[in-house]
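*Asks:*
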Amino acid sequence: MFTINGLEEYVKRQEFLEELNIPKEHKIDFQLLAQGEYNINYLFTHPVTKDNLILRVNTASQMDLSDQIEYEYKSLLQLKESKRTPIPIYVDGRKKHLDYGVLVMNFLQGVPLDYRKDLYIAANCLGDIHSVVLEENLHLLCPKNPLQSIIDECETMIQTYYDSHLGDEEKKKQIKRMLNLGQEMIKSTGEYKGRRCIINTELNSSNFLINGENNNNYIIDWEKPILGEPAQDLGHFLAPTTTFWKTDVILSQDEIEKFTEEYIKVVGDRFNTNDIEDRLRLYLPITCLRGITWCAMAWVQYKDSNKLIRNEFTAKKLDDYLSKEFLDMIENRYFKKC
1 MFTINGLEEY
11 VKRQEFLEEL
21 NIPKEHKIDF
31 QLLAQGEYNI
41 NYLFTHPVTK
51 DNLILRVNTA
61 SQMDLSDQIE
71 YEYKSLLQLK
81 ESKRTPIPIY
91 VDGRKKHLDY
101 GVLVMNFLQG
111 VPLDYRKDLY
121 IAANCLGDIH
131 SVVLEENLHL
141 LCPKNPLQSI
151 IDECETMIQT
161 YYDSHLGDEE
171 KKKQIKRMLN
181 LGQEMIKSTG
191 EYKGRRCIIN
201 TELNSSNFLI
211 NGENNNNYII
221 DWEKPILGEP
231 AQDLGHFLAP
241 TTTFWKTDVI
251 LSQDEIEKFT
261 EEYIKVVGDR
271 FNTNDIEDRL
281 RLYLPITCLR
291 GITWCAMAWV
301 QYKDSNKLIR
311 NEFTAKKLDD
321 YLSKEFLDMI
331 ENRYFKKC
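According to UniProt numbering, the residues represented by the sequence shown are 1 to 338, in order.
1) Between which residues of its own chain and threonine 293 is the CB-CB distance below 6 Å, once the five residues before and five after are set aside?
2) Quick check on this structure: which residue in Phe326, Phe2, Pro225 and Lys316 has the alpha carbon closest to the alpha carbon of threonine 201?
3) Of the choices Gly182, Leu318, Glu312 and Glu261, whose alpha-carbon is the least far from that of leucine 119?
4) Could you give the first and the last residue of the continuous alpha helix (DSSP H) run that contains valine 300?
5) In chain order, what residues of the same chain have a beta carbon less than 6 Å from the beta carbon of glutamate 8, not counting five sequence neighbours either side?
6) Go ahead and label cysteine 31 buried or exposed: buried means 16 or more other beta carbons lie within 10 angstroms of its beta carbon, across all protein chains shown.
7) Any idea if valine 57 is buried or exposed, counting beta-carbon neighbours within 10 angstroms, 16 or more meaning buried?
8) What does a CB cutoff of less than 7 Å around phenylalanine 244 pick up in its chain, not counting 5 residues either side in sequence?
9) So which of Thr287, Ser188 and Ser75 has the shortest CA-CA distance to aspartate 233?
10) Taking only runs of the alpha helix (DSSP H) that begin and end inside the segment 201–246, which ones reach a length of at least 4 residues, in chain order?
11) So the alpha helix (DSSP H) valine 267 belongs to, where does it begin and stop?
12) Pull up the distance between the alpha-carbon of aspartate 278 and that of proline 86, whole angstroms please.
13) Pairs of beta-carbons, one from the segment 88–98 and one from the segment 172–182, closer than 8 Å: are there three or more?
14) Is the beta carbon of methionine 178 sitting closer than 8 Å to the one on phenylalanine 335?
15) Is the distance from the Cβ of serine 205 to the Cβ of threonine 247 below 8 Å?
16) Do you know whose CA, among Pro146, Ile40, Asp168 and Gln35, lies nearest serine 188's CA?
17) Note down the Cα distance separating aspartate 327 from leucine 289, rounded to an integer number of angstroms.
18) Applying the 10 Å Cβ sphere with the 16-neighbour rule, what's the burial state of alanine 315?
19) On a Cα-Cα basis, can you pick out the residue from Cys295, Glu257 and Asn217 that is closest to glycine 235?
20) Assuming isoleucine 69 and glycine 36 make a contact with CB atoms under 8 Å, what is their CB distance in whole Å?
21) Looking at asparagine 41: is its Cβ nearer than 8 Å to the Cβ of threonine 59?
22) If glutamate 72 sits next to leucine 103, beta carbons under 8 Å apart, how far is it from one beta carbon to the other, in whole angstroms?
23) Is isoleucine 89 helix, strand or coil when you go by DSSP?
24) Inspect the beta-carbon positions of aspartate 221 and asparagine 207 and report whether they are closer than 8 Å.
25) Restricting to Cα atoms, I'd like to know which of Gly110, Ala296 and Leu138 is closest to leucine 84.
26) Among Pro230, Leu203 and Phe237, whose alpha-carbon lies nearest the alpha-carbon of glutamate 223?
27) With a 10 Å radius around its C-beta and 16 neighbouring C-beta atoms as the bar for buried, classify histidine 130 as buried or exposed.
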């Protein structure tokens, strides 16, 4: 059942069992829950407490971190008071007995977010998470100029596509043109001096667990948080490159504005939101560039037969995102007016 070599032996180790207070004589049944690009999640039931838990195995880092799983663990600890995120229970990032990092956290119920009916619930989740006050930052990455950092990340990711003989030459030119226009948009922004909080940076619909209004609703998958500004999370959540990933939804400008109004109302006086709308107007197009360049990079990587994790849904979506129709839609919506 385990696709990771050595994992079956790892979960039987005395150290692992003792950390989770599992008696050695108890057998644990693991079920594959979900597999993403960089993590594999297994569901199991604690034989004593009967709590449902997740064993998360990290196979690579999007952030080029040597301690990726510990980074996620520490972030979840800081977010615990929001009551909107998983509670971490165990972490092992040493890679001493396994080639990959391991995290155990509680399992949360819920269904993926529906953009057409759950936008206000999402606004409440994000308002609570962004309102968490950090006494100090001991581990989170904190880019001085977040917008420029995204552009820099885009330039790094797209290089894989530029350098590949598999990449389409016309699409290379189109992406380069949009990146140049994106750089022009943000050239006067400089270092961000406003309020910072923990932001997820990867808010697609499947990262939400929805149980309905007035019920417990959550955000999961915290592998790439940073200490950033709220508008970056909002931009990622609302951008076409995000909403189209797990669904075929592209939000209208009216829907984006109504969501933003609800978010500001939910936050209330917990922090100042006066600049949210102005910053969001910058983050939406820049986030689209991040989505396109990641897809271009991943498209090339998916051509490698040695790739450890391969998701056929992702493979299909990568083709969709690099289609002429999709690239033209992004350029016409956000970059023609520059």
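C-beta atoms are modelled at their ideal positions from N, C-alpha and C, and glycine is treated no differently. Given the structure is predicted, the values throughout are model-derived calculations rather than measurements.
*Replies:* On the basis of the coordinates in this document:
1) Along the sequence shown, one-based indexing puts residue 293 at 293. Here the set comprises Cys154, Met157 and Ile158.
2) Against the sequence shown, residue 201 aligns to sequence position 201. It is Pro225.
3) For the purposes of this step, residue 119 is identified with residue 119 of the sequence shown, where counting begins at 1. Comparing Cα positions, the closest option is Glu261.
4) Position 300 of the sequence shown, counting from 1, holds the residue named residue 300. Counting along the chain, the alpha helix (DSSP H) containing valine 300 begins and ends at 276–301.
5) On the sequence shown, residue 8 is found 8 positions in, with the first residue counted as 1. So the list reads Phe2, once near-sequence residues are dropped.
6) Position 31 of the sequence shown, counted from the start, is the residue given in the question as residue 31. Residue identity check: residue 31 is glutamine in the sequence provided, not cysteine. Glutamine 31 comes out exposed.
7) Taking the first residue of the sequence shown as position 1, residue 57 is located at position 57. Burial call: buried.
8) Translated into positions along the sequence shown, residue 244 becomes position 244. So the qualifying residues of the chain are Ile250.
9) Here residue 233 refers to the residue found at position 233 when the sequence shown is read from its first residue. Comparing Cα positions, the closest option is Thr287.
10) Listed in chain order, the complete alpha helix (DSSP H) runs (minimum 4 residues) inside the segment 201–246 are 230–238 and 240–246.
11) Reading the sequence shown from its first residue, position 267 is the one you call residue 267. Where valine 267 is concerned, the enclosing alpha helix (DSSP H) stretches over 253–267.
12) Here residue 278 refers to the residue found at position 278 of the sequence shown. Here residue 86 refers to the residue found at position 86 of the sequence shown. In this model, aspartate 278 and proline 86 are separated by some 32 Å (Cα to Cα).
13) At 8 Å Cβ cutoff, the stretches do not touch.
14) The residue given as residue 178 occupies position 178 in the sequence shown. The residue given as residue 335 occupies position 335 in the sequence shown. Yes.
15) As a working mapping, residue 205 is identified with position 205 in the sequence shown. As a working mapping, residue 247 is identified with position 247 in the sequence shown. For serine 205 and threonine 247, yes; Cβs fall inside 8 Å.
16) As a position in the sequence shown, residue 188 is number 188, starting the count at 1. Each of Pro146, Ile40, Asp168 and Gln35 was checked against the Cα of serine 188, and the nearest Cα belongs to Pro146.
17) By 1-based counting over the sequence shown, the position of residue 327 is 327. By 1-based counting over the sequence shown, the position of residue 289 is 289. A small correction: the amino acid at residue 327 is leucine; aspartate does not occupy that position in the sequence shown. Cα to Cα, leucine 327 sits roughly 10 Å from leucine 289.
18) Residue mapping note: residue 315 aligns to position 315 of the sequence shown, counting from 1. Under this definition alanine 315 is an exposed residue.
19) The sequence position of residue 235 within the sequence shown is 235, counting from 1. Check the Cα spacing between glycine 235 and each of Cys295, Glu257 and Asn217: the tightest is with Glu257.
20) Reading the sequence shown from its first residue, position 69 is the one you call residue 69. Reading the sequence shown from its first residue, position 36 is the one you call residue 36. Contact between isoleucine 69 and glycine 36 does not hold, since the beta-carbon distance rounds to 14 Å and is not under 8 Å.
21) If you number the sequence shown from 1, residue 41 lands on position 41. If you number the sequence shown from 1, residue 59 lands on position 59. No. Outside cutoff.
22) Along the sequence shown, one-based indexing puts residue 72 at 72. Along the sequence shown, one-based indexing puts residue 103 at 103. The beta carbons of glutamate 72 and leucine 103 sit about 6 Å from each other, so the pair counts as a contact at 8 Å.
23) Taking the first residue of the sequence shown as 1, we reach residue 89 at position 89. Isoleucine 89 carries a strand assignment under DSSP once its states are collapsed to helix, strand and coil.
24) For the purposes of this step, residue 221 is taken as the residue at position 221 of the sequence shown. For the purposes of this step, residue 207 is taken as the residue at position 207 of the sequence shown. Yes, these two residues count as a Cβ contact at 8 Å.
25) Indexing the sequence shown from 1 puts residue 84 at position 84. The sequence shown places arginine at residue 84, not leucine. Ranking the options by Cα distance to arginine 84, first place goes to Gly110.
26) As a first step, residue 223 is located in the sequence shown; it is residue number 223 there, counting from the start. The shortest C-alpha separation from glutamate 223 is found at Leu203.
27) On the sequence shown, position 130 is the one that residue 130 refers to. Flag for histidine 130 reads buried.
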